[in-house]
Amino acid sequence: MENTSGQGDSAEVPREILNWNWGAFFLNWVWGIRNKTYIAFYCMVPVIGFVMMIVLGLKGNEWAWQNKRWESIEQFQHEQKIWSKCGIIIAIVVISLGVLGFILNPLLKLLETLQGG
Numbered sequence: 005m006e007n008t009s010g011q012g013d014s015a016e017v018p019r020e021i022l023n024w025n026w027g028a029f030f031l032n033w034v035w036g037i038r039n040k041t042y043i044a045f046y047c048m049v050p051v052i053g054f055v056m057m058i059v060l061g062l063k064g065n066e067w068a069w070q071n072k073r074w075e076s077i078e079q080f081q082h083e084q085k086i087w088s089k090c091g092i093i094i095a096i097v098v099i100s101l102g103v104l105g106f107i108l109n110p111l112l113k114l115l116e117t118l119q120g121g
């Protein structure tokens, strides 16, 4: 198959890249800038933001292929894999910090109460 990346909506998208993209889902607007997929900014709109995250996860690879010129399918897949790993790592860190805060907050209040503060 010839390299059709960066040719817009009419670009033929290789079947091997049509899969879920965790990078587009978790790092949506930043991912969108790098991949020239500016529709990702809709993730910042309060009512439709989460729905748009899901749409980016589903269609992100297709849109990134159509909107940006890539050297090859392999290079595209390599870069999207990096985005996915970064997105998952950041999500794990953020969720872990949230859980840690949820656990520590009552403990700190209890400690403050016990110290007479």
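Here the sequence shown stands for residues 5 to 121, numbered as in the numbering used here.
Note that the Cβ used here is the ideal one computed from N, Cα and C, for glycine as well.
Predicted model, so just to flag it, every value in this text is computed and none were measured.
Inset, instruction - Kindly indicate which three-state DSSP category GLU75 falls into: helix, strand or coil? - result: coil
Inset, instruction - Pick helix, strand or coil for GLU66, following the three-state DSSP scheme. - result: helix
Legend entry - From GLU75, THR8, GLY12, LYS85, residue whose alpha carbon lies closest to that of ALA28: Ranking GLU75, THR8, GLY12, LYS85 by CA distance to the CA of ALA28 puts LYS85 first.
Inset, instruction - For my contact list, TRP69 and ALA15 are in at a C-beta cut-off of 8 Å; report their separation, rounded to the angstrom. - result: 7 Å
Inset, instruction - On a CA-only basis, which of GLY120, PRO110, THR41, PHE106 is nearest GLU66? Give me that one, please. - result: When each option's Cα is compared against that of GLU66, the closest is THR41.
Inset, instruction - Under 8 Å Cβ to Cβ from MET53, same chain only, skipping five residues before and after it: list those, please. - result: In the sequence on display, residue 53 carries Gly and not Met. TYR46, CYS47.
Inset, instruction - Taking only the alpha-carbon atoms, compute the straight-line gap between ILE99 and ASN32 and give it to the nearest angstrom. - result: 17 Å
Inset, instruction - Taking the CB atoms as reference points, tell me whether TRP24 and GLY61 lie closer together than 8 Å. - result: Pairing TRP24 with GLY61 gives a Cβ-Cβ distance under 8 Å.
Legend entry - Proximity to ASN39 [Cα-Cα], best of GLY10, ARG19, MET56, VAL103: It is GLY10 whose Cα lies nearest to the Cα of ASN39.
Legend entry - PHE30 and GLY105 closer than 8 Å at C-beta: no
Inset, instruction - Throw me the rounded Cβ distance for the ILE96 and ILE21 pair, which I believe falls under 8 Å. - result: About 25 Å separates the two Cβ atoms, so there is no contact after all.
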